[in-house]
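If you use this note's numbering, the sequence shown corresponds to residues 544 to 730, in order. Think of the CB as a built atom: it goes at the ideal place given N, C-alpha and C, for glycine as much as any other residue. Right, one structure below, let's go through it.
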Amino acid sequence: MLAAPVVPAPEVWRPVFDPDPYPYPYVPVGGLLGIGFASHPETGDDLVMVVSNDGHGLFDARTGEKIARDRDPGWEHSTPDAVPDLSCPGLGPVAGERVRIAGLFGGGLHTTTEDGWTLEVVSPAWPNDRVLLSTDGGLPHTGPHGERWWHVFHADRSTLRAVGFSPSGRTLAVATSSDLTLWARDL
544 MLAAPVVPAP EVWRPVFDPD PYPYPYVPVG GLLGIGFASH PETGDDLVMV
594 VSNDGHGLFD ARTGEKIARD RDPGWEHSTP DAVPDLSCPG LGPVAGERVR
644 IAGLFGGGLH TTTEDGWTLE VVSPAWPNDR VLLSTDGGLP HTGPHGERWW
694 HVFHADRSTL RAVGFSPSGR TLAVATSSDL TLWARDL
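This is the structure:
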């Protein structure tokens, strides 16, 4: 694990944000607390809600476009730790819904997809976390690196907050205390 370099995810997974300079195709989000997934009510596309110290934001997971922003969401009921189900009020096209958030306060995202993609977070040099992606539901330790498993993210400059797939399996997200990285694919 220590020797495996960060490599691009397999071609089926495309970076949503500009991948140059690789390996961090991300958007900066200072003070990121957590993220959650929602579906666009009209298109069914994946949306990513980001909760940070500076408010809430909603991104289109296919394009990376920020489609809604609330800088003052009323924190007494708008942080994931304020309610038992770790959710926050939605905004933009998901206003009126609650979006479950995974991150600093707990919770979790999907670590597998229906067609066998799997994520694992390992920390052989703690506190630096590594995010491993594998195919066919196999553990990353079986098969060659870059063929059956990929070290796609190394959290060595910020604290890992959440890692997971959207419920549809079309989006892969890695959130740290300072940024959001997304990959998308077609099904």
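With DSSP collapsed to three states, give me the class of residue i.
i: Trp660; result: coil
i: Gly689; result: coil
i: Asp699; result: coil
i: Ala625; result: helix
i: Gly639; result: coil
i: Trp618; result: helix
Mind checking who residue i pairs with in its DSSP beta bridge?
i: Gly649; result: Gly646
i: Thr714; result: Ala727
i: Arg557; result: Ala727
i: Arg605; result: Per DSSP, none; premise fails for Arg605.
i: Ala581; result: Leu590
i: Arg673; result: Val665, His697
i: Ser630; result: Arg643
Just how far apart, CA to CA, sit residue i and residue j?
i: Arg612; j: His653; result: 25 Å
i: Asp561; j: Ala716; result: 15 Å
i: Thr685; j: Arg691; result: 7 Å
i: Phe695; j: Ser711; result: For the sequence presented, residue 695 should be read as Val rather than Phe. The alpha-carbon atoms of Val695 and Ser711 are separated by roughly 20 Å.
i: Phe602; j: Gly633; result: 12 Å
Contact defined as beta carbons within less than 8 Å: I believe residue i pairs with residue j. What is the distance between those atoms, to the nearest angstrom?
i: Leu647; j: Leu662; result: At roughly 19 Å, the Cβ-Cβ gap does not stay under 8 Å, so Leu647 and Leu662 are not in contact.
i: Leu723; j: Ile578; result: 7 Å
i: Met592; j: Val626; result: Contact flag wrong, Cβ pair sits at about 14 Å.
i: Ala604; j: Asp628; result: Going by Cβ atoms, the distance from Ala604 to Asp628 rounds to 22 Å, so no, they are not a contact pair.
Assign residue i to one of two classes, buried (16 or more other C-beta atoms within 10 Å of its C-beta) or exposed (fewer than that).
i: Pro636; result: buried
i: Arg673; result: buried
i: Gly649; result: exposed
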